[in-house]
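Take a look at the structure set out below.
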Amino acid sequence: MAATDTTPAARKVLTGLYRAAGPEKCLQMALQMSEECRRISIAGIRARIPEATEEQVRWEVARLYLGEDLARRVFEARSR
Numbered sequence: 058m059a060a061t062d063t064t065p066a067a068r069k070v071l072t073g074l075y076r077a078a079g080p081e082k083c084l085q086m087a088l089q090m091s092e093e094c095r096r097i098s099i100a101g102i103r104a105r106i107p108e109a110t111e112e113q114v115r116w117e118v119a120r121l122y123l124g125e126d127l128a129r130r131v132f133e134a135r136s137r
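Position one of the sequence shown corresponds to residue 58 (our numbering), numbered consecutively onward.
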């Protein structure tokens, strides 16, 4: 999926950089971006629900990433 906020010239440069980086570096960057997204999600949850406990924050993150039904099943399985 192409970014709609990037010019074709900039996209071409970025694609070239990704290709030059190789699969290991791209995986490392993807993992770092995923971790940063998780941190941003947690910060947003804490901003919206400042009184949330750690367990409530974990639930909200799971619900955000997995959806309500799957998050509920995961949390139920954890408590067994």
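Even for Gly, the Cβ is constructed at its ideal location relative to N, Cα and C.
As the structure is a prediction and not an experimental result, all values here were calculated from the model.
Residue span of the alpha helix (DSSP H) that contains residue i, given as start and end
i	result
ARG135	125 to 135
Cβ pair residue i, residue j closer than 8 angstroms
i	j	result
VAL114	ARG105	no
Within-8 angstroms CB hit, residue i to chain B
i	result
GLN113	Included in the structure is just one protein chain, with no chain B present.
Whole-angstrom C-beta distance between residue j and residue i, which should lie under 8 angstroms
i	j	result
TRP116	ALA134	The pair is not a contact, with the Cβ atoms about 13 angstroms apart (cut-off 8 angstroms).
Residue i Cβ short of 7 angstroms to the ligand FAD heavy atom set
i	result
GLY124	The ligand FAD is not among the ligands present in this structure, which contains no ligands whatsoever.
Report the start-end ranges of each alpha helix (DSSP H) in the stretch 64 to 90 that is 4 residues or longer and not cut off at the edges. none
Would you say the stretch 118 to 125 touches the stretch 91 to 99, given that touching needs at least three Cβ pairs under 8 angstroms? yes
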